[in-house]
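Numbered by the working numbering, the letters in the sequence shown go through residues 1 to 144 in order.
Ideal Cβ placement from N, Cα and C applies to all residues, glycine included.
Take a look at the structure below.
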Amino acid sequence: MNRSLRRLARVFTSLYLLQTLLAAVPAHAQLSAAPGAPSGQKPLIDVAANDLPLVLIAPPSAAGVSRTGGGVSGFDVRAGVLNIGAGELSATGQQQLDLYARGLILEGDLWAQNLQAVIGANRVTHGETAAQAQITPEVTRNGK
């Protein structure tokens, strides 16, 4: 009887340790940085200090048109939340800062000359600064 209990305890301990080890393995999104773009216009892929993937986009053209291409896979972008951490995001050198996200968490300072933040389930069309609501919000903001 004791032998079978010890064996069972070893099996459960092994499973517990294996589960802990597998949970510690990081999973990252798959990013591609427009491999066909000219060398001066390729976005760069890096890793932030908190091990999140970071895409450094190419600067826009003189007309302000973005030259960024590429893709993101490995997670559902529609469920994404934009998180500005305890540091700061400064766009004071830019004429306009547009933030489009499903959710926004702002823990640090945000500096911008002109800021437009569109939060929620929206359809964003390339080249426009407006978003079209895809669903009716279920929760009102500020009790209105």
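Span of the beta strand (DSSP E) holding residue 90?
First-last of the beta strand (DSSP E) with residue 90: 88-91.
Given this structure, state the Cα-to-Cα distance separating residue 98 from residue 10, to the nearest angstrom.
Distance between the alpha carbons of residue 98 and residue 10 is about 55 Å.
In whole angstroms, give me the CA-to-CA distance for residue 46 and residue 17.
C-alpha separation (whole angstroms): 32 Å.
How far does the beta strand (DSSP E) with residue 117 in it reach, from first residue to last?
115-119 is the span of the beta strand (DSSP E), which, as asked, contains residue 117.
DSSP beta-bridge partners for residue 112?
DSSP output for residue 112 lists 91 as bridge partner(s).
Under 8 Å by Cβ, that's how I've got residue 113 and residue 92 pegged, so tell me the actual separation to the nearest angstrom.
That pair is a contact at about 6 Å.
Report the rounded CA-to-CA distance for residue 2 versus residue 12, giving the unit in angstroms.
When rounded, the distance between both Cα atoms is 15 Å.
Using a Cβ-Cβ cut-off of 7 Å (strictly less than) and excluding sequence neighbours within five positions of residue 95, which residues of its own chain qualify?
These residues qualify, in order along the chain: 113 and 114.
When you compare only the Cα positions, how much space is there between residue 100 and residue 89?
The straight-line gap from Cα to Cα measures roughly 15 Å.
In angstroms with no decimal places, state the Cα-to-Cα distance between residue 121 and residue 7.
Going from the Cα of residue 121 to the Cα of residue 7 covers about 52 Å.
Residues in the same chain with beta-carbon distance under 7 Å from residue 109, minus the five sequence neighbours each way, listed in chain order, please.
For residue 109, where only same-chain residues beyond five positions count, the Cβ hits under 7 Å are 88.
Classify residue 62 as helix, strand or coil using the three-state DSSP reduction.
Reduced to three states, the DSSP call for residue 62 is coil.
Between which two residues does the beta strand (DSSP E) carrying residue 103 extend?
Here the beta strand (DSSP E) through residue 103 covers 103-106.
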